[in-house]
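Note sheet for the following structure.
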Amino acid sequence: MKNYLNEKTGLWSWLSTLDHKRIGLLYLFSVLTFFFIGGIFALLLRLELFTVGETIMGPEAYNQIMTLHGVMMVFMVIIPGVPAIFGNFFLPLQIGAKDVAFPRLNLLSWYLLMTGALVAIVSVVTGGVDTGWTFYTPYSIRTDNGTIWVVVGAFIMGFSSILTGLNFIVTVHKLRAPGMGFFKMPLFVWGIYSTAVIQVLATPVLAITLLLLTLERMFGIGIFDPKLGGDPVLFQHFFWFYSHPAVYIMILPAMGIVSELMATFSRNNIFGYKAIAFSSVGIALVSFFVWGHHMFVSGQSDAANFLFSIITMLVGVPTAIKVFNWVSTMYKGSLSFETPFLYALGFIFVFLIGGMTGIVLATLALDVHVHDTYYVVAHFHYVMVGGTLFPLVGAIFYWFPKMFGKMYSELLGRTAFALIFLGFNVTFFPLFFAGTQGMPRRYYDYIKPYETLNQISTVGSWLISAGFLLVLIAIIHSLLKGKKAPDNPWDGRTLEWQTQSPPIHENFEKQPEVTRGPYER
Amino acid sequence: MFAHSCMGANKKTGTAMIYIFIFLLLLPLSAFSSAFPSPATPISTEVDQMYYFIHVLSLGCGLLIVGAFILFAVLYRRKNNSQATATVHHNAWLEWTWSIIPFFIFMFMFAWGWLVYDKMRTPYKNALEIHVYGQMWNWDYVYKNGRKTAEALYVPVNTPVKLIMTSRDVIHSFYVPAFRIKQDVLPNRYTALWFKATRKGLFNIFCTEYCGTGHYSMLSKVHVMSLEDWEKWISTDPYEGLSMVEIGQKVFRGRCTACHQTTTQKMIGPGLAGIFGSVRHFEEQDSLTADENYIRESILNPSVRIVKDFPDQMTPFAGLLQEEEMTGLVEYIKSLKPEK
Amino acid sequence: MNVKHHAAHHFRDASHEASASKLGLWIFLCTEILMFGGLFVAYAIYHNQYPEIFLAGSKFLDWKLGSLNTLVLLLSSFTMALSIYYAQKEKLTYSTMCLWITFLCGVIFMVVKYFEYSHKIHDGLLPGELFSHAGSENLGLYFSFYFSMTGLHGSHVLAGLALIFWLIIRSHKKHFGPGYVLPLECVGLFWHLVDLIWIYLFPLLYLVE
Amino acid sequence: MSDHIVPFKTYFNVILVLIALTVVTVLVSLVDFGVFNLIISMGIATFKAALVLMYFMHLKYDDKSYLVIFLVGVFFLAIIFLFSSFDIITRVVEKSVL
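Structure representation (structure tokens):
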């Protein structure tokens, strides 16, 4: 049976494809590879922190691995992550289009990501980089190692994100199926659309900041270097103007996936469709006004702290609305606990803890105590690993039948989830207490009182990596030996379930007509 | 139909999931009490009260929401394939309530946070002003009467203190967990911190802004003592009646332990035992035996000669050490012998 | 003769493709504005903090060359717009000629920039710590802004020239006509934006009071 | 859209006005109005930019959403500038006491 996978074969057909579905799989392959490399770095870090004093490596090696873990996970895994893999694959399918608006631009975005990643990885052999993924000046100007490679790498990867965002905005505006108004679009498309708006508006400022940092390192232009009159806090303003909206680039598409999973596995129309749609856009817009909460103790004025703290509290409200609506979707539903749904429930539990600790960090007096401690590390892993990776893995299992035409094994899927969920909480929950006790982050070594908490956390990191390994095994197992998947295994209501799995190159035999809401039964 | 065949597995996994969630809910309760270093300033107790409030409130709301979805998970398990599902999918009243309530909770938290923060940031009148200098990987302190110290920040109890801080190279951050205060220390600029210690004792100082290889070892202590002891300490010459080697040891313990050990074991910098008289090999220059001038020069201006396979990371101490301290250090390093 | 352009397979027709491409291009222009804007914001902040450095620095700039460059770029914008006008009127030779004039103006702009840069490098008016001009205290900060802003702008002018040259080739092959001017419009929009940025750069850098 | 043809005369008038305004900008800069200099030169530059946008870039004749996209970009620039300079202006400058 002809479909987009067996239509053309050979490496060149993949490397020069213009089909949004194949580009989605190219991203899936590269993002998962970067994820596992980043994960190994995380394991090394946790291993080093197992005991006081030197365990397996020296301070320079630890700082470089800490930076690489940060750079790879942020710029190569979670920012491209859900928008590039599932946005590329399922945005056209869910709005009934044949392809994204600019297919060539789409392929260019993938090559930009890979070039940027390659350039960033070259830094390992040219002296390594140990500035942390935030590149704060003047330290990032002072060290004479490979930092410039990572900065240029991130600069290139930024354009991959801009072009993907641009592509998706035009696709949503111009290529929707006839009859699909804005309020008949699935919530995943709303999530991808509001993420694209952030990608387009925030990433250029990162581009100029990293360009200035490169010029700073090459010619010492002194815009961010205090020795020449520059202001390092201004670098932080520019950096966080991008990096806070960037965390919403990471979470909004994942929230879109959770809306899909909730609706499909509760066999229920989503509760409060408009509320969820408007909160996605609301979060996207308010996220541009809150970056200062990363700089409460960085020498920012108290008046600016007042302003940023109050606006950050506003961002919490739409997030809370979404969680309440998801839980209400389960009310009077008919719930079946396949693996994707477990990831959605796991997301809600973990994101609740992440969200509430976020409120703690937005409160001025509390942030002074826990800023740059392990409380923050635990917080952002709860909202990034829990908030983005759980739905990403959930989406891999949810859309696996549609993408590859094969079913995964439910047993492997569920055990992998249990391992990941347990391992995640055992790894990161103790770190909240290390943080409130005052253990600073990015520390190669710590004083005795923090030892037991770190040991529990390291044991947890072995559990969670076993879980993610099991996910990989589940994927490979079902790619090879999976049973033939029906076109609509979960009785989903959105358009992608109405075409064959895996879909043909043109996605739909005939252009679908949209007459009802995305999740109406 | 595929969905039907996995019906059996549904019940077992549904209940298994519930046990996992409940276990994880008990996790926070168990380790709640030992959450904070015991408070040592009036502000700390206020900050702790706020912590307990927000964490208990979050736990309450968390239990409500997680409880709700566990309840739904149990009640609305899929029993058969044609189960009727909800007809109501929108309730404006409900949407408003769960927008307004979080809004007010968050605004309340913001207001409370701002009030305590404002109290934290308003300067005490006639506070004892002390200068704090951060440099790559140690802190040192200068008092108004010119008294310099590096091994600890000596502070009288129950007296307001104002720290005026600046950095000699990159951004550091002065953090005393017991006082719940933190402030970045920026080059070319002064930032300030205020506290009034109400308990005597030694409290850790950490650097919390990443500043390079020795970021983790940039530790120091706040030594809170009674007013009389402090007055006696501030007026006495720190090195009175000490031999040259003892002076050197005092200076070493204040400034050099971040990177150097007194054994032969390498840390960030080389171990200093048995250095004096040994032959040192350098990246560029030809090697020489370590004598007093070499030790003096590599303390005052280390980047002149870099020992093979060591990074050029040591910050110069030129202008920071008095003559007495300098000679003391040299004597102390000469006295370090490798353990047999 | 109305040249037939077939729209890509996933668009309904040529006008659907045109509106999608223009929407995409305007979003790209918005990102360009945000990127240049970052530099303008940094300029504004440092101008307020160190007005004397910026005043002294701008004295070294030759405002006559600056205004010549502004006129050259305005003219190139004019001829770019005309090339679309003539293509729509099906006067294809005029359209190609206008493209050549736009290209030439762009080259003149870059040549003037080359002279300005070599003059400054020769005088030691370099950015940041490289500043080594005798007889004046460190104006490195001003020249960091001068070189980064005009450098980034110059790189965009070069990119514009390459695109215009590609248009000239296609114009010679008679690809454009009343029914199809999309590439002309898209490159035109980009070129006008480059001119727009110079309109702001000129007073900010050259005519500082 | 490509069907709307802007008459040659309009283009010609626009380029004349632009050149005239450039000359005015240069002349204004020679006279010292103090702080007004910046406001005047930015005002003229914005007017010239508006001319290029409206006529050369066809914003006057095209779909208004393009104008909205352009203004959103400028709006977020203003946000960076306002919030960052608000922080810089309201900073309390500490002094050394030694």
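Chains as they are written, first to last, in this note's numbering: chain A, 1 to 521; chain B, 1001 to 1340; chain C, 2001 to 2209; chain D, 3001 to 3098.
Just so you know, even glycine gets a beta-carbon here, dropped at the ideal spot from N, CA and C.
Between the C-alpha atoms of residue i and residue j, what's the straight-line distance to the nearest angstrom?
| i | j | result |
| --- | --- | --- |
| VAL1279 (chain B) | TYR1294 (chain B) | 11 Å |
| VAL2990 (chain D) | LEU3059 (chain D) | Lying before the first or after the last residue shown, residue 2990 (chain D) is absent from chain D, which here runs from 3001 to 3098. |
| ILE2084 (chain C) | PHE2165 (chain C) | 15 Å |
| ILE128 (chain A) | ASN1301 (chain B) | This sequence places Gly at residue 128 (chain A); Ile is not what is there. Those two C-alpha atoms are separated by around 26 Å. |
| HIS2122 (chain C) | LEU2130 (chain C) | 12 Å |
| GLU216 (chain A) | ARG142 (chain A) | 10 Å |
| MET2149 (chain C) | LEU2201 (chain C) | 8 Å |
| PRO178 (chain A) | GLY146 (chain A) | 52 Å |
| LEU1115 (chain B) | LEU1057 (chain B) | 19 Å |
| GLY2128 (chain C) | SER3096 (chain D) | 27 Å |
| ILE95 (chain A) | PRO401 (chain A) | 19 Å |
| LYS510 (chain A) | GLN500 (chain A) | 12 Å |
| ILE37 (chain A) | SER465 (chain A) | 12 Å |
| LEU392 (chain A) | VAL1066 (chain B) | 21 Å |
| ASP231 (chain A) | HIS2133 (chain C) | 24 Å |
| ALA1031 (chain B) | HIS2153 (chain C) | Model confidence at ALA1031 (chain B) stands at a pLDDT of 49, short of 50, so the residue's coordinates are unreliable; what they give is reported in the following sentence. Cα to Cα, the separation comes out at about 58 Å. |
| MET1 (chain A) | ALA1073 (chain B) | 39 Å |
| PHE3012 (chain D) | TYR398 (chain A) | 60 Å |
| PHE289 (chain A) | PRO245 (chain A) | 9 Å |
Excluding sequence positions up to five away, which residues of its chain have a Cβ less than 7 Å from the Cβ of residue i?
| i | result |
| --- | --- |
| LEU2075 (chain C) | CYS2105 |
| LYS322 (chain A) | MET255, ILE276, SER279 |
| MET384 (chain A) | ILE78, MET250 |
| PHE421 (chain A) | GLY346 |
| ILE198 (chain A) | PRO245, TYR248, ILE249, ALA284, SER287 |
Residues in the same chain with beta-carbon distance under 6 Å from residue i, minus the five sequence neighbours each way, listed in chain order, please.
| i | result |
| --- | --- |
| LEU3071 (chain D) | none |
| TYR519 (chain A) | ALA263, ASN269, ILE270, ARG493 |
| VAL1170 (chain B) | CYS1211 |
| ARG1199 (chain B) | ALA1040 |
| LEU2039 (chain C) | MET2149 |
| LEU1321 (chain B) | none |
Between the Cα of residue i and those of the options, spot the shortest distance and give me the residue it belongs to.
| i | options | result |
| --- | --- | --- |
| LEU366 (chain A) | B:ILE1054, B:PRO1042, B:SER1038 | B:ILE1054 |
| MET313 (chain A) | A:HIS293, A:MET330, A:THR329, A:HIS477 | A:HIS293 |
| TRP110 (chain A) | A:LEU361, A:MET157, A:LEU342, A:VAL360 | A:MET157 |
| TYR2114 (chain C) | C:LEU2065, C:ALA2014, C:LEU2182, C:LEU2071 | C:LEU2065 |
| THR329 (chain A) | A:THR339, A:GLY316, A:ALA344, A:THR436 | A:ALA344 |
| ASP2195 (chain C) | C:LEU2207, C:SER2155, C:HIS2175 | C:SER2155 |
| ASN63 (chain A) | A:ILE473, A:LEU45, A:VAL82 | A:LEU45 |
| LEU163 (chain A) | A:PRO83, A:PHE341, A:PHE224 | A:PRO83 |
| SER409 (chain A) | A:TRP12, A:LYS274, A:LYS484 | A:LYS484 |
Can you list, in chain order, the residues of its chain whose CB lies under 8 Å from that of residue i, leaving out five sequence neighbours each side?
| i | result |
| --- | --- |
| THR214 (chain A) | ILE148, VAL151, VAL152, PHE155 |
| PHE296 (chain A) | ASN305, PHE308, SER309, LEU364, ASP367, VAL368, HIS371 |
| TYR4 (chain A) | ASP19, LYS21, ARG22, PRO502, PRO503, ILE504, HIS505 |
| THR51 (chain A) | GLU451, GLN455 |
What residues from the stretch 1184-1205 of chain B come within 8 Å of chain A, judged by C-beta to C-beta, listed N to C?
ASP1184, LEU1186, PRO1187, ASN1188, ARG1189, THR1191, ASN1204
Cβ contact (3+ pairs, closer than 8 Å) linking the stretch 135-155 of chain A and the stretch 110-126 of chain A
yes
Relative to chain D, which residues along the stretch 1127-1144 of chain B have a C-beta separation below 8 Å, given in chain order?
GLU1129, HIS1131, VAL1142, LYS1144
Interfacial residues, the stretch 94-106 of chain A to chain C, with Cβ spacing under 7 Å
ALA97, LYS98, ASP99, ALA101, PHE102
When the Cβ atoms of the stretch 406-419 of chain A are set against those of the stretch 453-461 of chain A, are three or more pairs found closer than 8 Å?
no
Which residues of the stretch 2140-2168 of chain C have a Cβ closer than 8 Å to any Cβ of chain A? Give them in chain order.
GLY2140, LEU2141, SER2144, PHE2145, PHE2147, SER2148, LEU2152
Stretch-stretch touch, CB-based, cutoff 8 Å, three pairs: the stretch 1204-1217 of chain B with the stretch 1242-1251 of chain B:
no
Check whether the stretch 2093-2101 of chain C and the stretch 2049-2057 of chain C touch, using three or more Cβ-Cβ pairs below 8 Å as the test.
no
Please confirm if the stretch 89-108 of chain A is in contact with the stretch 20-35 of chain A, defined as three or more CB-CB distances below 8 Å between the two stretches.
yes
Residues in the stretch 1073-1087 of chain B with C-beta within 7 Å of chain A's C-beta atoms, listed in sequence order?
ALA1073, TYR1076, ARG1077, ARG1078, GLN1083, THR1085, ALA1086
Report yes or no: do three or more beta-carbon pairs, one from the stretch 373-389 of chain A and one from the stretch 1134-1145 of chain B, lie closer than 8 Å?
no
Contact residues within the stretch 3047-3060 of chain D, judged by C-beta distance below 8 Å to chain C
LYS3048, ALA3049, VAL3052, LEU3053, TYR3055, PHE3056, MET3057, HIS3058
Measuring CB atoms only, is the stretch 2012-2019 of chain C touching the stretch 3045-3057 of chain D, in the sense that at least three cross pairs come out at less than 8 Å?
no
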